[in-house]
Amino acid sequence: MKLPPLHALMCFEAVARNMSMKKAAEELFVTPGAISQQIAKLEDLIQARLFVRGPRYLELTPQGRIYLSAIRPAFLQIEEATQRLKDEKCNNKLTISCTSGFATQWFLPRLPEFEQLNPGVEVQINTTNRVVDLLSEGVDFAVRHGRGKFPRLESELLLNDHYSVVCSPNLISSVNAITDPRDLLAYTLLHDEHRLDWKIWFTAMGLEDADTDRGPVFVKSNGVIEAVLAAKGIALIRESLIEQELAQGRLLSLISTPNNAGTGYFLVYDESALLTRLGRKFRDWIVAKATLETDRT
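Letter by letter, the sequence shown follows residues 1 to 297 of UniProt numbering.
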């Protein structure tokens, strides 16, 4: 059985739906003349008139109404199938916002596990220190540092802050070389964009007069990590970002301090992010992953 040309059927359906050659032409990005030619071809093929045309009117013939009622469900099925595929593709993509330090040191090493559990998933990571507007910028989830209070958004704790003063074993060969926090002042202090971290830390150690303004400042936390690995100085870093380096002995923890400020990394999202199955899977996975690793330490 030979099917009518699809383009001719599309023209017929558009004209019948709009009851206008001109509107159908605009919808299909062709000229009214081209629409008229396709209708004529279709009428010639099926040996029946589909429209009654007048100077100022256009209407379906009885045969045209029967034909339209027969082919319209097929067009609707095609439209629905196309939309399902588009929705499936959209629902298979997640956009995550976080700092480059968190992405490099914690998220990216663990992401392959999530991708393996969800074949075909596409995860886009937008690294920035800026607080993005999740809804207007199309971001599904963000990982933010703070105390868990993010207006109009849901938040769940991933990692508590637990700081360590660290160095490369090429700079200080043994943790026993540091017997007093004041000993650290003999070395270069490495800073990320939060310059006050060192000042707050030394003050908590009873050294309010410590000169903490010296030393290079890195805009991103992974810059500090690279510098301390290269033995350029000592750094005050969240342990969650350097677990691998500590475990491998590439960094030494000279002094570890508990978190008394209630700060940490939080998963932040609008409640609409959990409307999709993939969104719920991601939320459950990253929270469980962080909780499991925290319980082990």
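Even for Gly, the Cβ is constructed at its ideal location relative to N, Cα and C.
Shortest Cα-Cα distance from THR188 to any of ILE200, THR212, SER174 involves THR212.
By a beta-carbon distance limit of 8 Å, ASN126 contacts SER97. Their separation comes to about 5 Å. With a contact defined as Cβ atoms closer than 8 Å, SER253 and LEU246 qualify at about 6 Å. Close CB contacts of GLU13 within its chain, under the 6 Å cut and outside five residues either way in sequence, are with PHE75 (chain order).
Rounded to whole angstroms, GLY249 and VAL166 show a C-alpha spacing of 11 Å.
Burial is judged here by how many other beta carbons sit within 10 angstroms of a residue's own beta carbon; VAL143 has at least 16 and is buried. Setting aside the 5 residues that flank it on each side, ILE242 is surrounded in the same chain by GLN105, SER164, VAL166, ILE225, LEU251, each with a C-beta closer than 8 Å to its C-beta; the list follows chain order. For the UniProt domain "HTH lysR-type" (4–61), the continuous beta strand (DSSP E) assignments of 3+ residues that do not extend past its boundaries occur at 51–53, 58–60, in sequence order. Residue pairing of HIS145 in beta bridges, as defined by DSSP: TYR265.
When the five nearest sequence neighbours on each side are left out, the beta carbons in the same chain lying within less than 7 Å of the beta carbon of LEU236 are those of TYR163, VAL165, ASP197, TRP198, TRP201, in order along the chain.
Only exposed fits THR31, as fewer than 16 other CB atoms lie within 10 angstroms of its CB.
With 16 or more other Cβ atoms inside 10 Å of its own Cβ, THR99 counts as buried.
In this model, ARG152 and VAL268 are separated by some 10 Å (Cα to Cα). Linking LEU108 to SER174 through their CA atoms gives a straight-line distance of about 31 Å. Going by C-alpha positions, GLN124 is about 20 Å away from LEU158.
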